[in-house]
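Asks: Just dropping this structure here.
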Amino acid sequence: MGFVPTMGAFHAGHESLMNAARRECDHVVVSIFVNPTQFTDNTEFGRYPRDEEQDARIAERQGADVLFAPEVPEIYPSRFATTVSVAGELVEMLRRTGLTKDGQLTGMCTIITKLLNIVQPDVVYFGEKDLPHWVAVERMARDLNLPQQIKVLPTVREPDGLAMSSRNVHLGENRKKAVVLHQVLSAVASNLKAGETDAAALRARALSTMDFNVPDGGVTLEYFEILDRDTLEPVTAVRAPVILAIGARVGDVSLLDILRPELPESIRPADPMAALAAGPRQSRESALTPQPSN
Ligand code: AMP
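Structure, rendered in structure tokens:
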């Protein structure tokens with residue numbers, strides 16, 4: 072059984088998760104629950120886009136067998152008193168870099184635990200864009216011996232590069248400006264590919280060209296980080312695979328986006344399989360050692 076937990080207001084990003092679940096599993100369950108404990112701001116919770124009828128049509132079209140859309144009191148009955156929270160370095164890192172705010176991850180981990188217990192799926196699907204979510208869920212699954220397999224799928228984008236998000240409907244006249252998030256990520260990725268590996272230089276070059284924080288710009292940068300892909304620690308120089316993460320407020324809408332950039336050839340590890348195939352005298356260690364470029 073494949074399971075796609077969501078907050079509804081479906082777009083092509085949600086559809087790609089449902090589609091993968093349909094391809095890979097015998098049964099597909101999709102949930103819609105706008106989780107109040109995941110919002111740090113009540114107004115944001117109140118105005119989160121909701122359209123259950125349209126969502127039901129989309130889920131059906133994507134081959135979902137069950138659409139589970141519980142009401143808040145069903146999930147949080149009176150005297151509800153238990154939460155699941157992920158702590159430790161990884162989460163501290165997410166908090167320090169601004170990728171998550173206090174309470175958000177506890178709200179998310181608690182609702183995911185409840186949904187997993189209710190639905191009892193084998194595989195759970197997440198989108199790569201919401202990095203704090205899948206990072207915390209992967210850690211929670213490992214720490215609590217959850218039996219589910221966690222799958223993380225690529226971000227689906229609008230033609231101009233903006234990551235699809237249910238919140239995009241609130242962008243209004245700022246819609247065009249929101250593309251700046253993807254532009255920053257792409258600029259850093261191309262400078263990195265061209266050989267610039269100093270994190271401060273990459274950051275300065277990408278951000279200086281962007282229209283942030285100008286009075287009528289409508290875009291306020293909340294964070295931009297170059298994180299080690301394994302530890303999520305901000306790096307000072309790129310030496311191994313990284314994740315680029317950006318968060319910004321566009322008008323009054325909070326958006327986030329991430330990208331896993333290609334490394335420049337100078338630090339890209341040689342293809343270990345090709346090196347191993349080259350002959351028995353090639354040791355595994357040397358096959359895995361990054362090769363200098365010509
Ligand atoms: P949400 O309804 O925003 O809570 O998202 C439900 C799931 O869909 C999460 O796992 C998200 O990461 C994923 N998702 C949201 N936007 C996208 C996107 N543009 N591409 C792929 N997955 C997405």
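Every letter in the sequence shown is one number past the one before it in our numbering, and letter 21, counting from 1, is 92. Glycine included, each C-beta is placed from N, C-alpha and C at the ideal position.
#1: Compare the beta carbon distance of A92 and L224 with 7 Å and say whether it is the shorter of the two.
#2: Would you tell me roughly how many angstroms separate the C-alpha atoms of H98 and A265, rounded to the nearest one?
#3: Please classify A83 as buried or exposed, where buried requires at least 16 neighbouring CB atoms within 10 angstroms.
#4: Once DSSP output is grouped into helix, strand and coil, what is the label at A140?
#5: Can you have a look at A270 and say buried or exposed, based on whether 16 or more other CB atoms are within 10 angstroms of its CB?
#6: Hey, out of A311, S87 and Q254, whose CA is closest to A135's CA?
#7: Tell me P76's beta-bridge partners as DSSP assigns them.
#8: What I want to know is whether the C-beta of K222 ends up closer than 6 Å to one or more non-hydrogen atoms of ligand 1.
#9: Per DSSP, what are the beta-bridge partners of D299 in this structure?
#10: State the CB to CB distance for the pair M64 and V105, rounded to an integer number of angstroms; the pair is presumed to be in contact (CB under 8 Å).
#11: By Cβ distance below 8 Å, which residues in the same chain neighbour R121 in space, the five residues on each side in sequence not counted?
#12: For M89, does the count of other Cβ atoms within 10 angstroms reach 16, so buried, or fall short, so exposed?
#13: For G73 and V137, I'd like the C-alpha separation in whole angstroms.
#14: The beta strand (DSSP E) spanning D231 covers which residue range?
#15: Once the 5 residues before and after E267 are set aside, which same chain residues still bring their CB inside 7 Å of it?
#16: Buried or exposed, going by whether 16 or more other CB atoms sit within 10 Å of the CB of V143?
#17: Could you pull the start and end residues of the alpha helix (DSSP H) that Q175 belongs to?
#18: DSSP on G243, reduced to helix/strand/coil?
#19: Is the closest heavy atom of ligand 1 to the C-beta of H85 under 6 Å?
#20: Using beta-carbon positions only, say whether V321 and K248 come within less than 7 Å of one another.
Replies: Per the coordinate set shown:
#1: Taking the sequence shown and counting its residues from 1, the one referred to as residue 92 is at position 21. Taking the sequence shown and counting its residues from 1, the one referred to as residue 224 is at position 153. Cβ atoms of A92 and L224: not closer than 7 Å.
#2: Position 27 of the sequence shown, counted from the first residue, corresponds to residue 98. Position 194 of the sequence shown, counted from the first residue, corresponds to residue 265. Their backbone Cα atoms lie some 45 Å apart in a straight line.
#3: Translated into the one-based positions of the sequence shown, residue 83 becomes position 12. Burial call: exposed.
#4: Reading the sequence shown from its first residue, position 69 is the one you call residue 140. Here A140 sits in coil by DSSP.
#5: Locating residue 270 in the sequence shown gives position 199, where the first residue counts as 1. With 16 or more other Cβ atoms from the protein chains shown falling within 10 Å of its own Cβ, A270 counts as buried.
#6: In the sequence shown, counting from the first residue as 1, residue 135 sits at position 64. Nearest C-alpha to A135: S87.
#7: Sequence index remark: in the sequence shown, residue 76 carries index 5 (1-based). Looking at the DSSP output, P76 bridges to S102.
#8: Here the question's residue 222 lines up with position 151 in the sequence shown. Exclusion of K222 from the 6 Å shell around ligand 1 follows from its C-beta lying no nearer than that to any non-hydrogen atom of the ligand.
#9: Numbered from 1 along the sequence shown, position 228 holds the residue referred to as residue 299. When beta bridges are read from the DSSP output, D299 appears opposite V313.
#10: Since the first and last residues shown for the chain are 72 and 365, residue 64 lies out of range.
#11: Numbered from its first residue, the sequence shown carries residue 121 at position 50. If the five residues before and after R121 are omitted, its C-beta is found closer than 8 Å to the C-beta atoms of G79, A80 and V105, all from its own chain and listed in chain order.
#12: Position 18 of the sequence shown holds residue 89. By the 10 Å Cβ count, M89 comes out buried.
#13: Counted from its first residue, the sequence shown places residue 73 at position 2. Counted from its first residue, the sequence shown places residue 137 at position 66. Cα-Cα distance, rounded: 11 Å.
#14: By one-based count along the sequence shown, residue 231 stands at place 160. No beta strand (DSSP E) holds D231; DSSP gives it neither H nor E.
#15: As a working mapping, residue 267 is identified with position 196 in the sequence shown. Residues of the same chain with a CB within less than 7 Å of the CB of E267, apart from the 5 flanking positions on each side, are L273 in chain order.
#16: Mapped onto the sequence shown, residue 143 falls at position 72. An exposed status is given to V143, since fewer than 16 other beta-carbon atoms sit within 10 Å of its beta-carbon.
#17: Reading the sequence shown from its first residue, position 104 is the one you call residue 175. Looking at the DSSP string, the run of the alpha helix (DSSP H) that includes Q175 is Q175 to V190.
#18: Here residue 243 refers to the residue found at position 172 when the sequence shown is read from its first residue. Helix.
#19: Against the sequence shown, residue 85 aligns to sequence position 14. Closer than 6 Å to some heavy atom of ligand 1: that describes the Cβ of H85.
#20: For the purposes of this step, residue 321 is taken as residue 250 along the sequence shown, with counting starting at 1. For the purposes of this step, residue 248 is taken as residue 177 along the sequence shown, with counting starting at 1. For V321 and K248, yes; Cβs fall inside 7 Å.
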